[in-house]
Amino acid sequence: MNLNFSGPVLSQAVISGVMLGGLFALISIGLTLIWGVMKIINFAQGEFLMVALYLAFFLVSWGHIDPYITILVTVPFMFFFGIGIFRATISPILKDPVMNQIMLTLGVSLILQNLALMLFSANVQSVNTRYSSWNIHIGSVVISGPQLIAFIGAILCTLALWYFLKTTDPGRAIRASAQNPSAATLMGIDVPRTYLLAFGLGSATLGLAGSLMIPFYYASPTVGVFLGLIMFIVVVLGGMGNLMGCFVGGLIIGLAETVGAAVLPGSLARVFTFAIFILFLLFRPQGVLTKRQT
Amino acid sequence: MNLKAPYIRIVVIGALICLLPLFLSSFYMHIAVLVLIWAFLACAWNIIGGYAGQHSLGNGLYMGIGAYAVAFLLDRFNMTPWLGLVVAIALSAGAAAFIGWIVFRYALKGAYFALVTIALTEAAVYVVSNIPALGGAGGMQMEYHGNSLYYMQFAGQNGYFFMGVLLVVFILLLTQWYRRKRFFYQLIAVRENEDAAEALGVDTVKAKIKANVMSGVLCAVGGVFYAQYFLYVGPRSVFGEVVSVQILIYAIVGGLGTTWGPVVGAVLLVPLSEITRAQLGNSYPGSQLLLYGGVMVLTMLFMPFGIMGLAERLHQRWQHRSTTQVVDSQGGEAS
Amino acid sequence: MTALLEVHGLTRRFGGLVAVNDLTFEVNEGEMIGLIGPNGSGKTTTFSMLSGALKPSAGTIAFNGERIEGIKANRVCRKGLARTFQVVQPFPDITATENVMIGAFVNVGGARQAEATAREMLERVGLTPKADTLAKELTLLQLKRLEIAKALATEPKLLLLDEVAAGLTSTEVDVMLRLVRQLNSEGITFIIVEHVMRFVMNLSHRCIVIDFGSQIAEGTPEEVLNNPAVHAAYLGEEASLA
Ligand SMILES: Nc1ncnc2c1ncn2[C@@H]1O[C@H](COP(=O)(O)OP(=O)(O)OP(=O)(O)O)[C@@H](O)[C@H]1O
Ligand SMILES: [Mg+2]
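Chains as they are written, first to last, in my numbering: chain A, 1 to 294; chain B, 1 to 335; chain C, 1 to 242.
Written out as structure tokens, the structure is:
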């Protein structure tokens with residue numbers, strides 16, 4: 001094993017890891033929001049992101065729209081896409097056992113993934129935008145421009161959601177419904193509506209992610225499988241339902257990916273990320289920012 | 001009713017099934033073997049998912065461990081799969097105990113268990129794909145030895161078919177026998193109300209870990225069978241989300257926590273999906289999984305208790321009307 | 001001789017709220033103790049700590065001379081300390097008999113024996129006609145009896161009853177009174193939490209009164225009823241002491 005601990009390589013890995021971590025946080029935040037509000041894990045969240053990536057891809061490659069302008073389309077589209085899926089499948093079984101809800105969202109994920117396979121074939125689709133090869137050099141460290149933008153987007157998105165939940169009326173309604181649905185109902189809050197709103201928001205964040213990712217990522221029917229796995233890990237690490245924890249969880253996994261790849265030989269790099277995950281499960285199973293319940 | 005009746009029913013149906021090779025062509029025998037493999041795996045999952053009510057989405061992990069253990073040991077050391085089976089059981093037991101302990105010791109449960117298990121089974125895909133000794137992303141081909149008991153291999157499908165029937169009959173008898181054991185009552189108590197179970201002296205953590213180990217070990221046995229039949233293991237064919245979902249979909253469609261549900265689910269869905277694949281697989285790749293997705297969504301929306309659950313409920317309603325007293329606590333399938 | 005149960009300095013905080021504050025008391029073998037207090041005074045929380053469902057913030061609990069504070073509920077139960085739940089906790093999708101069998105398995109290994117014990121316990125609480133009914137189909141009153149049958153099946157030395165008489169008619173209270181007395185004469189020690197004063201005052205050898213988590217009085221039912229501090233605590237409460 002030849003370990004590589006040289007300074008420049010490591011600092012490059014750390015910077016890339018932070019950028020990647022922000023991206024991981026951005027794609028995971030919707031999952032943790034939805035869980036926090038209605039105690040449902042949307043196992044189709046990875047496939048929702050796939051839909052957003054395809055949408056962004058087609059807008060950019062066929063519509064010749066600037067990737068960052070597509071946000072104006074992808075975010076509202078994913079908002080209503082989420083609401084549509086919620087209305088059609090999840091809201092009828094909100095009171096059913098957790099297992100049924102899990103199965104249902106897994107079913108939705110299989111449908112989306114394989115519909116995409118039929119419609120768009122298994123090909124990986126990426127598009128060269130004018131941002132794609134934009135790099136920022138700081139000393140010996142290189143930062144990819146679109147990744148930096150995605151990172152900033154992740155921070156803004158986390159803060160915006162946090163601000164929205166803390167200070168606005170619909171945000172407060174969402175938090176009240178999350179804490180105690182029956183009390184919220186008594187206070188005159190339309191709980192099913194806030195669930196719908198929260199699910200839509202959780203889905204809309206993926207619209208943002210899709211647009212921000214398309215300059216340096218790709219769309220494919222199975223793109224949501226790996227990204228979905230990342231979401232699950234990040235949400236568990238961050239503490240389920242914890243927005244700030246989600247950001248920290250994203251950073252941990254992003255750093256594990258890049259530092260592992262820089263320091264360890266190829267085949268062990270992937271193992272490293274999952275080893276980190278298992279270590280966190282062992283020592284902080286309740287999440288990085290959550291206190292353990294007694 | 002006679003306490004032995006459910007056992008007799010299992011054995012008789014098993015014996016009748018053994019006549020199938022007389023009637024089926026090779027294509028349908030292949031499907032029959034697949035039905036048996038998945039029925040066995042679904043029965044194994046049913047222990048943790050159906051009886052203990054814990055949302056394990058990662059049983060592909062144990063199936064993969066079983067399949068890869070025999071394949072690797074045969075490939076590397078020319079070790080007989082019978083010994084490989086022992087190793088598979090030991091490894092899967094260790095993994096299932098470890099995962100169960102990690103999750104259940106702090107009373108983390110429900111969706112948390114689901115997330116952790118699905119993450120670990122997916123992670124296994126990427127880990128195995130990156131280990132050259134395990135064949136990497138391409139998986140491992142196992143050497144064919146023809147009819148050989150030592151290598152647990154058969155020429156043609158009939159040998160595998162009978163082995164599958166034996167396994168499924170075995171697991172059905174095992175579950176039927178366990179239904180009247182303290183351990184299974186405790187599992188059901190855990191599923192129904194954990195606080196109440198704890199207050200009545202049930203060590204809920206230990207019960208859940210034990211159920212996870214039982215389920216995991218049996219899934220590994222299913223994985224061994226799978227590897228021996230296909231003589232090939234690949235990361236996505238025995239590990240991962242899709243495999244794990246396949247394992248549990250049969251149990252859910254058939255009826256969670258019922259003895260026969262997983263078998264009924266597999267008997268209905270496996271042929272349907274295999275025929276879909278044979279007919280449409282080339283022009284529409286993914287049609288098979290699309291079908292699974294559709295079945296899952298529709299089942300959850302319109303038949304959340306599965307086929308056996310529905311039958312059980314209809315049966316109960318009918319009994320309610322026709323008799324005043326229900327004496328038999330054995331006859332029903334669901335608990 | 002040591003008491004069956006010795007509680008010392010038992011305290012539980014929920015964030016800033018002190019639900020149970022520095023409780024110290026003893027229960028001797030064969031006694032029936034009433035634990036009373038206004039709504040929210042910490043009775044159920046005390047039971048949860050005694051039975052191991054909740055970890056105390058401070059204090060010790062000794063049962064049969066053995067320290068049990070902080071150990072898990074299933075072990076407490078197997079040592080012979082059982083409870084019923086104020087908010088009933090059935091296993092909804094299995095029959096009443098099977099519900100009780102779970103408790104019986106503490107002492108017996110075989111399903112046949114457990115079932116025999118279960119049916120006997122159902123008989124004692126008068127649920128025999130419902131023995132094969134799914135728990136989710138029982139009424140609240142039947143579920144309260146089921147709670148007792150489940151706990152009895154574990155063969156406890158000390159049984160904590162949390163409001164088992166609430167909502168019963170006068171005749172039903174009488175039936176329950178007789179059952180508890182009978183069980184006590186068979187050697188089971190009781191701590192009884194109850195707002196139905198007729199029930200608890202009739203049964204208790206001794207009463208402990210708590211308010212805001214702290215003990216405010218202790219003594220025979222008569223002494224407690226005539227205690228001004230107790231009257232003050234219950235003032236404005238619906239429950240009448242008469
Ligand atoms: N899990 C909990 N978290 C926070 N506060 C709690 C919790 N459980 C109980 N409390 C609070 O502790 C106090 C005591 O509650 P407890 O249920 O023990 O009262 P109680 O005497 O049984 O009342 P009641 O007669 O109404 O049954 C109450 O103020 C209650 O709100
Ligand atoms: Mg109470």
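Here a beta-carbon is modelled for each residue, glycine too, at the ideal position from N, C-alpha and C.
Whole-Å CB distance - residue i paired with residue j, under 8 Å assumed
| i | j | result |
| --- | --- | --- |
| L161(C) | N202(C) | Actually they are not in contact, since the Cβ atoms of L161(C) and N202(C) sit about 13 Å apart, beyond 8 Å. |
| E115(C) | M101(C) | 6 Å |
| G80(C) | K136(C) | Not confirmed; about 30 Å, so no contact. |
| T11(C) | G52(C) | T11(C) to G52(C), Cβ: 16 Å. No contact. |
Residues that DSSP places opposite residue i in a beta bridge
| i | result |
| --- | --- |
| L159(C) | A82(C), F190(C) |
| Q141(B) | Y232(B) |
| C207(C) | G34(C), G219(C) |
| K181(B) | G110(C) |
| L61(B) | L61(B) pairs with nothing; no bridge assigned. |
| Q153(B) | S148(B) |
| F72(B) | The partner list for F72(B) (beta bridge, DSSP) is empty, contrary to what the question assumes. |
| F63(C) | L5(C), E66(C) |
| F25(C) | V7(C) |
| I71(A) | Answer by DSSP bridge pairing: none, since I71(A) is not bridged. |
| Q279(B) | DSSP, once it has assigned bridges, lists no residue as partnering Q279(B). |
| Q125(A) | A219(A) |
| T95(C) | L134(C) |
| S237(B) | Paired residue(s): none; S237(B) is not in a bridge. |
Which of helix, strand or coil DSSP assigns to residue i
| i | result |
| --- | --- |
| N114(A) | helix |
| H315(B) | helix |
| V55(B) | The sequence given here places His at residue 55(B); Val does not occur at that position. Reduced to three states, the DSSP call for H55(B) is coil. |
| R12(C) | strand |
| T204(B) | helix |
| R124(C) | helix |
| H30(B) | helix |
| N135(A) | strand |
| G331(B) | Note on G331(B): pLDDT 39, under 50, position unreliable in the model; no value is reported. |
| Q286(A) | coil |
| L17(C) | strand |
| A150(A) | helix |
| I65(A) | coil |
| L58(C) | Note that residue 58(C) is Ala in the sequence shown, not Leu. Three-state result, A58(C): strand. |
| M1(A) | Per-residue confidence for M1(A) stands at a pLDDT of 43, beneath the threshold of 50, marking its modelled position as unreliable; no derived number is given. |
| V18(A) | helix |
| S214(C) | strand |
Residue i, buried or exposed, once every other Cβ within 10 Å from all chains shown has been counted against 16
| i | result |
| --- | --- |
| K150(C) | buried |
| I276(A) | buried |
| H55(B) | buried |
| S215(B) | buried |
| W177(B) | exposed |
| K130(C) | buried |
| S92(B) | buried |
| T179(A) | According to the sequence displayed, residue 179(A) carries Gln and not Thr. By the 10 Å Cβ count, Q179(A) comes out exposed. |
| T62(A) | In the sequence on display, residue 62(A) carries Trp and not Thr. Its Cβ having fewer than 16 others within 10 Å, W62(A) is exposed. |
| S122(B) | Residue 122(B) is actually Glu in this sequence, not Ser. So E122(B) counts as buried. |
| A418(B) | In this structure chain B extends from 1 to 335, so residue 418(B) is not present and cannot be described. |
| A266(B) | buried |
(message) Please identify, using Cβ separations under 9 Å, the residues of the region 286-319 of chain B that lie next to chain A, in order along the chain.
(response) G286, S287, Q288, L289, L290, L291, Y292, G293, G294, V295, M296, V297, L298, T299, M300, L301, P304
(message) Against chain B, which members of the region 85-97 of chain A pass a CB distance test of less than 7 Å?
(response) T89, P92, I93, D96
(message) Closer than 9 Å between beta carbons: that is the criterion. Which residues of the region 128-145 of chain B meet it against chain A?
(response) Per Cβ criterion, the list reads S129, N130, I131, P132, G136.
(request) Closer than 8 Å, Cβ to Cβ, to anything on chain A: give me those residues from the region 30-42 of chain B, in chain order. (result) none
(message) For the region 111-124 of chain C, list every residue whose C-beta sits within 9 Å of some C-beta in chain B, in sequence order.
(response) A111, R112, A114, E115
(message) Taking beta-carbon pairs under 7 Å, can you tell me which members of the region 188-199 of chain B lie near chain C?
(response) I188, A189, E192, N193, D195, A196, A197, E198, A199
(message) Which residues of the region 77-94 of chain C have a Cβ closer than 8 Å to any Cβ of chain B? Give them in chain order.
(response) Residues are counted here when their Cβ sits less than 8 Å from a Cβ of chain B; for the region 77-94 of chain C these are C77, R78, A82, R83, F85, Q89, P90, F91, P92, D93, I94, given in chain order.
(message) Taking beta-carbon pairs under 9 Å, can you tell me which members of the region 239-262 of chain B lie near chain A?
(response) G240, E241, V242, V245, L248, I249, I252, L256
(request) Please list the residues of the region 100-126 of chain B that have a C-beta atom closer than 9 Å to any C-beta atom in chain A, keeping them in chain order. (result) Cβ contacts with chain A come from I102, V103, R105, Y106, A107, L108, G110, A111, Y112, A114, L115, V116, I118, A119, L120, E122, A123, A124, V125, Y126.
(request) Mind checking the region 44-72 of chain B against chain A and listing, in chain order, the residues whose C-beta falls within less than 8 Å of any C-beta there? (result) G49, G53, H55, L57
(request) Select from the region 154-185 of chain C all residues with a C-beta closer than 9 Å to any C-beta belonging to chain B, and list them in chain order. (result) T154
(request) Anything with a beta carbon under 7 Å from a heavy atom of ligand 4 counts; list them all in chain order. (result) Looking at this structure, you won't find ligand 4 anywhere; what it does contain is ligand 1 and ligand 2.
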